[in-house]
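Engineer:
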Amino acid sequence: MELQFKKRAIISEFESPFENFKPIRVTGEVRFCPLSNHPSRLLPVRLKEFARTDWTPIITRSRELGCPFCAEAIEIKTPRFPKSYGLEKGRIRVGETTVFPNAFPYDEHCAVVVFTKEHYLSPGQFTPAMLQEGFTASLRYFQKAAAVVPGARQAILNWNYMPLAGAGIIHPHLQTALLPEMTAYYRLICERQAQYAAEGGGSIFDDLVAREEREKERHIASVGKWRWLAAFAPRGIYEFWGILIPGRETSETPDPDLGDLSAGICRILAFFEAKGVQAFNLSWYFVFNPPVAGMRHWIAIVPRVNFPGFGTSDVNYFDRLHGESITFVTPEEVARELQGFF
364 MELQFKKRAI ISEFESPFEN FKPIRVTGEV RFCPLSNHPS RLLPVRLKEF
414 ARTDWTPIIT RSRELGCPFC AEAIEIKTPR FPKSYGLEKG RIRVGETTVF
464 PNAFPYDEHC AVVVFTKEHY LSPGQFTPAM LQEGFTASLR YFQKAAAVVP
514 GARQAILNWN YMPLAGAGII HPHLQTALLP EMTAYYRLIC ERQAQYAAEG
564 GGSIFDDLVA REEREKERHI ASVGKWRWLA AFAPRGIYEF WGILIPGRET
614 SETPDPDLGD LSAGICRILA FFEAKGVQAF NLSWYFVFNP PVAGMRHWIA
664 IVPRVNFPGF GTSDVNYFDR LHGESITFVT PEEVARELQG FF
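Sequential numbering from 364 applies to the sequence shown in the numbering used here.
#1: Does phenylalanine 603 come out as helix, strand or coil in the three-state DSSP assignment?
#2: Check tyrosine 648 in the structure and name its three-state DSSP category.
#3: Hey, how far is the Cα of glutamate 578 from the Cα of leucine 592?
#4: According to DSSP, what are the bridge partners of alanine 573?
#5: Using CA atoms only, rank isn't needed, just tell me which of Arg598, Arg683, Val650 and Trp589 is closest to phenylalanine 643.
#6: Give the DSSP-derived three-state secondary structure of isoleucine 421 in the structure shown.
#7: Using CA atoms only, rank isn't needed, just tell me which of Glu427, Thr539, Glu451 and Val393 is closest to phenylalanine 467.
#8: How would you write the range of the alpha helix (DSSP H) that tyrosine 504 sits in, first residue to last?
#9: Tell me whether phenylalanine 381 is buried or exposed, calling it buried when 16 or more other Cβ atoms sit within 10 Å of its Cβ.
#10: Taking the continuous alpha helix (DSSP H) assigned at phenylalanine 368, which residues delimit it?
#11: Under DSSP, the alpha helix (DSSP H) around leucine 701 begins and ends at which residues?
#12: Report the residue from Ile664, Glu459 and Arg699 whose alpha carbon sits nearest the alpha carbon of glycine 627.
#13: Is the beta carbon of proline 397 less than 8 Å from the beta carbon of leucine 428?
#14: Alpha carbon to alpha carbon, how far is isoleucine 421 from isoleucine 567?
#15: If distances are taken between C-alpha atoms only, which option among Arg683, Gly657, Val640 and His660 comes closest to lysine 411?
#16: Identify whether glycine 391 lies in helix, strand or coil by the three-state DSSP scheme.
#17: Rounding to the nearest angstrom, what Cα-Cα distance links tryptophan 522 and proline 386 in this structure?
#18: Counting along the chain, where does the alpha helix (DSSP H) carrying cysteine 553 start and finish?
#19: May I have the straight-line CA-CA distance separating tyrosine 483 from alanine 492, to the nearest angstrom?
#20: Going by C-alpha distance, which of Phe595, Asp570, Glu575 and Pro609 is nearest glycine 587?
#21: From the DSSP secondary-structure annotation, give me the bridge partner or partners of glutamine 488.
#22: What is the DSSP secondary structure of serine 714, reduced to helix, strand or coil?
#23: Looking only at C-alpha atoms, which of Arg456, Ser399 and Tyr524 sits nearest to tryptophan 418?
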């Protein structure tokens, strides 16, 4: 069975006011993700740069109000885990990283991972050591929580970096959770993997990576066992995937793989810094009690941007009300750019 990289051309004809009402033709594409079938529209607009925000007033104000994640406050302003977790002083600590329950939970078992003492860092200032420590602490949380909450269906790790991406606190932090049911998107991918295997395929992730490495259009680089790709049908202006080959259980993800993962992410963040990207969303879809064979550890990173002129959001009715995405940059073009950072 072969993966389907489906797309169709957009051809629009009109009399252009920018060319004295001369008839012109503009072209674009609609692409469909080979994993989820999610539609992404590549529009015929050349975007030169993103709008840049001066975060200084917000950062200053957040310090003045008192940050609960800074070193002087974290012990007294963050929750502690129940005694059933068996943790000394009710929190998980790994180096500078502290893990504690989410005071504003979106499910029963959620945690916050504060992985640096720095109140603010730009994308290019994060280091692999910081991220590796945060990921290590997150895995320890999953191991502790799984013993307390048997039967969890999915483990997720997420990062909203800066308010533009949904962050409610400036201080860098991750959010983790053990969920009793899978998120809608992950359930869709699991169903797709089950169908793919039933129709004669193996792992849809293994086959995706093999094809992208062979054709090289969207393959970016390999860092250890992590394969980095530009998504064929991005869910944002860009979307980058890191896939761990071969797959393994969450509890079996060793430190060397976390170091390689952290190094790859930091190279993407350096690219964001160079492009003027000031916010992003990241999700790690863990292999945890997988309902089907063939699933793989998988990271997705999407920048969050505003556009020049009026600070227009990158989210519109297509995203919110139609379940589709829009971009102005081809994944093939951005993959070539990002290769220079690896």
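Each residue gets a CB set at the ideal place from its N, CA and C atoms; glycine is no exception.
Structural biologist: Judging by the given coordinates:
#1: For the purposes of this step, residue 603 is taken as residue 240 along the sequence shown, with counting starting at 1. If DSSP states are grouped into helix, strand and coil, phenylalanine 603 belongs with the strands.
#2: Translated into positions along the sequence shown, residue 648 becomes position 285. Tyrosine 648: strand per DSSP, three-state reduction.
#3: Start at 1 with the first residue of the sequence shown, and residue 578 comes out as number 215. Start at 1 with the first residue of the sequence shown, and residue 592 comes out as number 229. Whole-angstrom Cα-Cα distance: 12 Å.
#4: For the purposes of this step, residue 573 is taken as residue 210 along the sequence shown, with counting starting at 1. Note: alanine 573 sits in no beta bridge, so no partner.
#5: Here residue 643 refers to the residue found at position 280 when the sequence shown is read from its first residue. Looking at the Cα atoms, Arg598 is the closest of the given residues.
#6: For the purposes of this step, residue 421 is taken as residue 58 along the sequence shown, with counting starting at 1. DSSP places isoleucine 421 in helix when its eight states are reduced to three.
#7: Start at 1 with the first residue of the sequence shown, and residue 467 comes out as number 104. Nearest C-alpha to phenylalanine 467: Thr539.
#8: The residue given as residue 504 occupies position 141 in the sequence shown. Run containing tyrosine 504: 491 to 511, per the alpha helix (DSSP H) assignment.
#9: Here residue 381 refers to the residue found at position 18 when the sequence shown is read from its first residue. With fewer than 16 Cβ atoms within 10 Å of its Cβ, phenylalanine 381 is classed as exposed.
#10: For the purposes of this step, residue 368 is taken as the residue at position 5 of the sequence shown. Segment: none, phenylalanine 368 is in no alpha helix (DSSP H) and carries neither H nor E.
#11: Residue mapping note: residue 701 aligns to position 338 of the sequence shown, counting from 1. Leucine 701 -> alpha helix (DSSP H) spans 694 to 702.
#12: Along the sequence shown, read from residue 1 onward, the residue named residue 627 stands at position 264. When each option's Cα is compared against that of glycine 627, the closest is Ile664.
#13: By 1-based counting over the sequence shown, the position of residue 397 is 34. By 1-based counting over the sequence shown, the position of residue 428 is 65. No, the pair does not count as a contact, with Cβ atoms beyond the cut-off.
#14: Your numbering for residue 421 matches position 58 in the sequence shown. Your numbering for residue 567 matches position 204 in the sequence shown. Approximately 43 Å, taken between the alpha carbons.
#15: Residue 411 sits at position 48 when you count from the first residue of the sequence shown. Checked all of Arg683, Gly657, Val640 and His660; the closest Cα to lysine 411 is Val640.
#16: Position 28 of the sequence shown holds residue 391. In this structure, glycine 391 counts as strand in the three-state DSSP scheme.
#17: Position 159 of the sequence shown holds residue 522. Position 23 of the sequence shown holds residue 386. If you take the alpha carbons of tryptophan 522 and proline 386, they lie about 46 Å apart.
#18: Numbered from 1 along the sequence shown, position 190 holds the residue referred to as residue 553. Start and end: 547 to 561.
#19: Here residue 483 refers to the residue found at position 120 of the sequence shown. Here residue 492 refers to the residue found at position 129 of the sequence shown. Cα to Cα, the separation comes out at about 16 Å.
#20: Here residue 587 is taken as the residue at index 224 of the sequence shown, counted from 1. If we check each option's Cα against that of glycine 587, Pro609 comes out closest.
#21: What you label residue 488 is simply residue 125 of the sequence shown in a count that begins at 1. Note: glutamine 488 sits in no beta bridge, so no partner.
#22: Not covered by the structure: residue 714. The range shown for the chain is 364 to 705.
#23: Counting from one through the sequence shown, the residue named residue 418 turns up at place 55. Minimum Cα distance to tryptophan 418 is reached at Tyr524.
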